[in-house]
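Engineer: The structure follows.
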Amino acid sequence: MSNIKLAEKFNNLTLESEDHWDYRGTNNSERDYVHGFCTYPAMMVPKMQREMLQVCLAEMSIPHPQLLDPFAGSGTILVEGMLQGLDVVGIDINPLAVLLCKVKTTLINVKMLEQHAAQLITNIEQVNNVTYHQFKGIEKWFTAQAICDLSKIRTAITKDENLEIRRFFWAAFCEVVRMVSNSRDCTYKLHIKDAEDINTYNKDAISLFKETLTFNSIKHNEFYSVLKRRGYIRRDGVSYKGSVKIILGDCIAYLQHTKKKFDLIFTSPPYGDNHTTVSYGQYSVIPLRWINSNDIDESIDEKLLNTLYEIDNISLGGMSSNKYVTRNKKNIVKKSETLKEQINTITEIAPKQVNKLISFYSDFDRFLATISKKMKPASVSVWTLGNRKVAKQEIYMNKIMVELGLRYNLSLLTNFTRKILNKRMPKINAYTGDEKDIQGTMTREHILIFKRSDIADE
732 MSNIKLAEKF NNLTLESEDH WDYRGTNNSE RDYVHGFCTY PAMMVPKMQR
782 EMLQVCLAEM SIPHPQLLDP FAGSGTILVE GMLQGLDVVG IDINPLAVLL
832 CKVKTTLINV KMLEQHAAQL ITNIEQVNNV TYHQFKGIEK WFTAQAICDL
882 SKIRTAITKD ENLEIRRFFW AAFCEVVRMV SNSRDCTYKL HIKDAEDINT
932 YNKDAISLFK ETLTFNSIKH NEFYSVLKRR GYIRRDGVSY KGSVKIILGD
982 CIAYLQHTKK KFDLIFTSPP YGDNHTTVSY GQYSVIPLRW INSNDIDESI
1032 DEKLLNTLYE IDNISLGGMS SNKYVTRNKK NIVKKSETLK EQINTITEIA
1082 PKQVNKLISF YSDFDRFLAT ISKKMKPASV SVWTLGNRKV AKQEIYMNKI
1132 MVELGLRYNL SLLTNFTRKI LNKRMPKINA YTGDEKDIQG TMTREHILIF
1182 KRSDIADE
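For the sequence shown, the residue numbers in this note's numbering are 732 to 1189.
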């Protein structure tokens, strides 16, 4: 693959129009195929990732590239990889993300799915005496009517004997759990609605579930049809020709032990402190408390669901107390001049925020050191990054990534920015430094494209 040619292709597209990568308009921003399953925080724009993947593949002479997303989220990259007939691997520490990845990448016989869905609806409608599901705080987050309706749906789902179909049902169910909960719709964090809004609750969870299940079934069938049309379905008429592997767990731990090496990395890592930016864990924990954990993955640690914050705590940079920010972690400032300058600035105006920065970038550096060893020589990686704000200071993750990447044989080919057009996060949010205040949230994403130096395997 020619470095110059690949960079030129991206640069030409960027110059084509100043908002090329913004993907404005309904047709450009729509979540087609199974991308439309279930809302999830900070989802990628599928058609944008599709275009970037196609540009990379057009310049690659490798017959069957291996694609990895180490922060798989809702599975956008995995689905796009399947649409190109690739072998895909996705890793995420969040059980809800793993459920969505498994559901979106699993093909089910269309007629069988239709039959099981019809039987499920019948079972829900016939449920009379149902045992109400219970967990700590359920009455806070759901009305009595919602608990009743959701318990009926949950009971009916658990009776289906097919694991893959149960997962499909759970994906529809968790979207309904979100829709009927007492948490506000305007944010991914858990914030209780006003009492007046809760008291005027009038959503029908069962009707919403039927609508969501129908929608997801249609999207699944569209995805299956396009894969079949492109010749990516095996002779059995159901199985995907490539390999799909979804891992629940810490991406660093997986990468340290796997023997696999990858030709392509497409990902969007966390932007920093999940507690104050995109709270993947908070968003996920309430739906997860309704779902049978073993149906997602038998290795799930139930302790993850004990608090609203545990999933975020075990993510990159999640542990930032003095106990965890060791002298070794603080050495991260020696590896990036940009980070060093920014930490010096934050130390002067909001010293309480420094540990969060050090913890995150120390973990991120360890991740880069690990993943670089699993990239084949001349492999390409495409990173969608956001520059969060700390104490009203923009943290230049895009620059820090370039500086850290050089240490691990990752050379920047090109980069560009795009406007984030559909934000669920507010334009301003609170920060807790030495003084409480508000600050703007990110409005742009930075896309960085790297090539791993063509050196001997390590």
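In this text, a Cβ means the ideal position worked out from N, Cα and C, and glycines have one as well.
1. For Thr-1115 versus Ser-999, is the C-beta distance shorter than 8 Å?
2. Helix, strand or coil for Gln-815, going by three-state DSSP, please let me know.
3. Tell me the DSSP secondary structure of Pro-794 in three-state form.
4. By DSSP, does Asn-933 sit in helix, in strand, or in coil?
5. On a CA-only basis, which of Val-1113, Leu-1099 and Ile-1077 is nearest Glu-1125? Give me that one, please.
6. Let me confirm a value: Ile-1180 is counted as buried when at least 16 other C-beta atoms fall within 10 Å, else exposed. Which label applies?
7. How big is the Cα-Cα spacing for Asn-1146 and Cys-879?
8. Secondary structure at His-1190, three-state DSSP: helix, strand or coil?
9. Exposed or buried, Glu-1166, counting other C-beta atoms within 10 Å across all chains shown (16 or more means buried)?
10. Mind reading off the beta-carbon distance from Trp-752 to Arg-1149? Whole number of angstroms is fine, and I expect it under 8 Å.
11. Short of 7 Å in beta carbon distance, which residues of its chain neighbour Phe-940, apart from the five on each side in sequence? Order them along the chain.
12. Classify Gln-785: buried if its beta carbon has 16 or more other beta carbons within 10 angstroms, exposed otherwise.
13. Cα separation between His-795 and Ser-948?
14. In whole angstroms, give me the CA-to-CA distance for Val-776 and Gly-767.
15. If you reduce the DSSP assignment to three classes, tell me which class Ser-1090 lands in.
16. For my contact list, Cys-787 and Leu-746 are in at a C-beta cut-off of 8 Å; report their separation, rounded to the angstrom.
17. Would you kindly check if the distance between the Cβ of Val-1113 and the Cβ of Ile-1178 is under 8 Å?
18. With H, G and I counted as helix, E and B as strand and the rest as coil, what does DSSP make of Val-776?
19. Do Val-820 and Phe-954 have their beta-carbon atoms positioned less than 8 Å apart in this structure?
20. Arg-1155 by DSSP, collapsed to three states: which one?
21. Is Asn-947 helix, strand or coil by DSSP?
22. Give me the residue from Pro-1018, Asp-1026 and Leu-799 with the minimum Cα distance to Arg-897.
23. Run the CB neighbour count on Tyr-863, radius 10 Å, all protein chains shown included, and call it buried at 16 or more, exposed below.
24. Quick check on DSSP: helix, strand or coil for Asp-1026?
25. Measuring only the C-alpha atoms, how far is Glu-739 from Val-1121?
26. Short check: CB of Arg-1183 to CB of Ser-1090, under 8 Å?
27. Give the C-beta separation of Ile-1131 and Ser-1046 to the nearest angstrom, bearing in mind that I take them to be a contact with Cβ-Cβ under 8 Å.
28. Just curious, the beta strand (DSSP E) that Thr-1145 is in, first and last residue?
29. Tell me the rounded alpha-carbon separation between Pro-1082 and Gly-1048.
30. Quick one: what's Gly-1117 bridged to in DSSP?
31. May I ask you to report which of helix, strand or coil DSSP gives Ile-923?
32. Note down the Cα distance separating Leu-1135 from Met-910, rounded to an integer number of angstroms.
33. To the nearest angstrom, how far is the alpha carbon of Leu-831 from that of Ser-805?
34. Ile-929 and Met-1106 - do their beta-carbons sit closer together than 8 Å?
35. From Thr-889 to Asn-1023, what does the alpha carbon distance come to, in whole angstroms?
36. Assuming the contact rule is C-beta atoms closer than 8 Å, Arg-1119 and Tyr-1002 should be a hit. Round their C-beta distance to whole Å, please.
Structural biologist: Reading it off the structure:
1. By 1-based counting over the sequence shown, the position of residue 1115 is 384. By 1-based counting over the sequence shown, the position of residue 999 is 268. Their beta carbons are under 8 Å apart, which means Thr-1115 touches Ser-999 by this criterion.
2. Numbered from its first residue, the sequence shown carries residue 815 at position 84. Coil, per DSSP.
3. The residue you call residue 794 lines up with position 63 of the sequence shown. Note: Pro-794 maps to coil in three-state DSSP.
4. Numbered from its first residue, the sequence shown carries residue 933 at position 202. In this structure, Asn-933 counts as coil in the three-state DSSP scheme.
5. Here residue 1125 refers to the residue found at position 394 of the sequence shown. Shortest Cα-Cα distance from Glu-1125 to any of Val-1113, Leu-1099 and Ile-1077 involves Ile-1077.
6. Counted from its first residue, the sequence shown places residue 1180 at position 449. A buried status is given to Ile-1180, since no fewer than 16 other beta-carbon atoms sit within 10 Å of its beta-carbon.
7. The count along the sequence shown starts at 1 and reaches residue 1146 at position 415. The count along the sequence shown starts at 1 and reaches residue 879 at position 148. A direct Cα-to-Cα measurement between Asn-1146 and Cys-879 gives close to 51 Å.
8. Given a span of 732 to 1189 for the chain in the structure shown, any question on residue 1190 remains unanswerable.
9. Here residue 1166 refers to the residue found at position 435 of the sequence shown. Only weak support is given to the placement of Glu-1166: the predicted model assigns it a pLDDT of 47, under 50, and the question is left unresolved by the model.
10. The residue you call residue 752 lines up with position 21 of the sequence shown. The residue you call residue 1149 lines up with position 418 of the sequence shown. The pair is a contact, with the Cβ atoms about 4 Å apart (cut-off 8 Å).
11. Within the sequence shown, residue 940 is the residue found at index 209, counting from 1. Taking Phe-940 as the centre and dropping the five residues before and after it, the same chain places the C-beta of Ile-884, Ala-903, Phe-904 and Val-907 closer than 7 Å to its C-beta, in chain order.
12. Looking up residue 785 in the sequence shown gives position 54. So Gln-785 counts as exposed.
13. The residue given as residue 795 occupies position 64 in the sequence shown. The residue given as residue 948 occupies position 217 in the sequence shown. Between the alpha carbons of His-795 and Ser-948 lies a distance of about 30 Å.
14. Translated into the one-based positions of the sequence shown, residue 776 becomes position 45. Translated into the one-based positions of the sequence shown, residue 767 becomes position 36. Each residue's Cα considered, the two are about 11 Å apart.
15. To locate residue 1090, count along the sequence shown from 1; it is residue 359. Reduced to three states, the DSSP call for Ser-1090 is helix.
16. Here the question's residue 787 lines up with position 56 in the sequence shown. Here the question's residue 746 lines up with position 15 in the sequence shown. Between the beta-carbon of Cys-787 and that of Leu-746 there is about 18 Å, and that puts the pair past the 8 Å contact cut.
17. To locate residue 1178, count along the sequence shown from 1; it is residue 447. To locate residue 1113, count along the sequence shown from 1; it is residue 382. One thing to note: Ile-1178 has its Cβ within 8 Å of the Cβ of Val-1113.
18. Translated into the one-based positions of the sequence shown, residue 776 becomes position 45. Val-776 falls in the coil class under three-state DSSP.
19. Taking the sequence shown and counting its residues from 1, one reaches residue 954 at position 223. Taking the sequence shown and counting its residues from 1, one reaches residue 820 at position 89. In terms of Cβ geometry, Phe-954 and Val-820 do not form a close pair [threshold 8 Å].
20. As a position in the sequence shown, residue 1155 is number 424, starting the count at 1. Unreliable placement is indicated for Arg-1155, whose pLDDT of 47 sits below 50; no coordinate value is reported for it.
21. Walking along the sequence shown from the start, residue 947 turns up at place 216. Three-state DSSP puts Asn-947 in a helix.
22. The residue given as residue 897 occupies position 166 in the sequence shown. Comparing Cα positions, the closest option is Asp-1026.
23. Translated into positions along the sequence shown, residue 863 becomes position 132. Burial is judged here by how many other beta carbons sit within 10 angstroms of a residue's own beta carbon; Tyr-863 has fewer than 16 and is exposed.
24. Position 295 of the sequence shown, counting from 1, holds the residue named residue 1026. Looking at Asp-1026 - three-state DSSP - the assignment turns out to be helix.
25. Working through the sequence shown from its first residue, we reach residue 739 at position 8. Working through the sequence shown from its first residue, we reach residue 1121 at position 390. C-alpha of Glu-739 to C-alpha of Val-1121: approximately 35 Å in a straight line.
26. As a first step, residue 1183 must be located in the sequence shown, where it is residue number 452. As a first step, residue 1090 must be located in the sequence shown, where it is residue number 359. In this structure, Ser-1090 does not lie closer than 8 Å to Arg-1183 by Cβ.
27. By one-based count along the sequence shown, residue 1131 stands at place 400. By one-based count along the sequence shown, residue 1046 stands at place 315. That pair is no contact at about 18 Å.
28. Position 414 of the sequence shown, counted from the first residue, corresponds to residue 1145. Note, Thr-1145: beta strand (DSSP E), 1141-1150.
29. What you label residue 1082 is simply residue 351 of the sequence shown in a count that begins at 1. What you label residue 1048 is simply residue 317 of the sequence shown in a count that begins at 1. Looking at the two C-alpha atoms, the distance is approximately 17 Å.
30. Here residue 1117 refers to the residue found at position 386 of the sequence shown. Partner(s): Glu-1176.
31. What you label residue 923 is simply residue 192 of the sequence shown in a count that begins at 1. Strand.
32. For the purposes of this step, residue 1135 is identified with residue 404 of the sequence shown, where counting begins at 1. For the purposes of this step, residue 910 is identified with residue 179 of the sequence shown, where counting begins at 1. Cα to Cα, Leu-1135 sits roughly 41 Å from Met-910.
33. On the sequence shown, position 100 is the one that residue 831 refers to. On the sequence shown, position 74 is the one that residue 805 refers to. Their Cα atoms are separated by approximately 6 Å.
34. Here residue 1106 refers to the residue found at position 375 when the sequence shown is read from its first residue. Here residue 929 refers to the residue found at position 198 when the sequence shown is read from its first residue. No. Outside cutoff.
35. Translated into the one-based positions of the sequence shown, residue 889 becomes position 158. Translated into the one-based positions of the sequence shown, residue 1023 becomes position 292. Cα to Cα, Thr-889 sits roughly 8 Å from Asn-1023.
36. Here residue 1119 refers to the residue found at position 388 when the sequence shown is read from its first residue. Here residue 1002 refers to the residue found at position 271 when the sequence shown is read from its first residue. Yes, they are in contact, since the Cβ atoms of Arg-1119 and Tyr-1002 sit about 5 Å apart, within 8 Å.
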